[in-house]
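Plus 1186 on top of the position in the sequence shown (first one is 1) and you've got this note's numbering. Following: one structure in structure tokens, then a few remarks.
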Amino acid sequence: MILFLKLTKNLVSKPLAKIYNLSVKTGTYPSHLKIAKVTPIYKKGDPLSPSNYRPISILTHINKIFEKVLFNRLSSHLTKHNLLYNYQYGFREGHSTTQALVELTDNLKTSIDNGNYACGIFIDLTKAFDTVNHSILIDKLNKYGVSGNANSLLKSYLENRVQYVEVNNSKSSHKNITCGVPQGSVLGPAIYL
1187 MILFLKLTKN
1197 LVSKPLAKIY
1207 NLSVKTGTYP
1217 SHLKIAKVTP
1227 IYKKGDPLSP
1237 SNYRPISILT
1247 HINKIFEKVL
1257 FNRLSSHLTK
1267 HNLLYNYQYG
1277 FREGHSTTQA
1287 LVELTDNLKT
1297 SIDNGNYACG
1307 IFIDLTKAFD
1317 TVNHSILIDK
1327 LNKYGVSGNA
1337 NSLLKSYLEN
1347 RVQYVEVNNS
1357 KSSHKNITCG
1367 VPQGSVLGPA
1377 IYL
């Protein structure tokens, strides 16, 4: 599909732009782009335990294009208005885990050199992406200045999403998603932050 889009970009770019612009104008995300095929990726531990798998949402390439445009706009807004925590290193352009480790190491060394105690608290939020409350997220985005049709579009992006699981060519029935942001999506990390 990606090769098809690349080869036909001159034909599909205008219709896609028209659909995207209509989505922005109406604050409505196309419903056919809200269907995710979930592929369970094994992490570690007992392979028979469902909790040892990470659900990755496989979304269409057209959806990824739409999400990338929204991601760029949202990231630009959050950066322009200095709304992201300075020490948020994950899922941000120009930031990395290496940077986080250098900052941590430097702070620990400085504290020890100054004769102070140094400690670190590390938190791994279990199922963090899966537990995001949509109403709270939309309210938070509104408080951050993402309002009007932009807020409606992100609300529409989250509402009425469905997913199904596919393993070895066997598909589950479609299930409604009432909370969380899609793992494997382009936009998910930005709205999680």
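Glycine included, C-beta positions come from ideal geometry on N, C-alpha and C.
>> Three Cβ pairs or more, each shorter than 8 Å: is that satisfied between the segment 1262-1282 and the segment 1328-1342?
In response: yes
> Rounded C-beta distance between Lys1223 and Tyr1350? I'm assuming under 8 Å.
Replying inline: 6 Å
>> Here's the rule I'm using: 16 or more other beta-carbon atoms within 10 Å means buried, otherwise exposed. How should Val1288 be labelled?
In response: exposed
> Where do the N-terminal and C-terminal ends of the alpha helix (DSSP H) with Lys1250 fall, by residue?
Replying inline: 1247-1266
>> Taking the straight line between their C-alpha atoms, what separation do you get for Leu1290 and Asn1300?
In response: 15 Å
> Would you call the CB atoms of Gln1274 and Asp1316 closer than 9 Å?
Replying inline: If you check the CB distance, Gln1274 and Asp1316 do not come in under 9 Å.
> What first and last residue would you give for the beta strand (DSSP E) that runs through Asn1362?
Replying inline: Taken as a continuous stretch (DSSP letters only), the beta strand (DSSP E) holding Asn1362 covers 1361-1363.
> Ala1222 bridges to which residues according to DSSP?
Replying inline: Paired residues: Gln1349.
> Going along the chain, which residues of its own chain have a beta-carbon closer than 7 Å to the beta-carbon of Leu1183, five neighbours each way excluded?
Replying inline: Within the shown structure, residues of the chain are numbered from 1187 to 1379, placing residue 1183 beyond reach of any answer.
> So Leu1373 packs on Tyr1330, CB below 8 Å; how close in whole Å?
Replying inline: About 15 Å separates the two Cβ atoms, so there is no contact after all.
>> Let's test the definition: count the other Cβ atoms within 10 Å of the Cβ of Tyr1215 and tell me whether it reaches 16, buried, or not, exposed.
In response: Result: buried.
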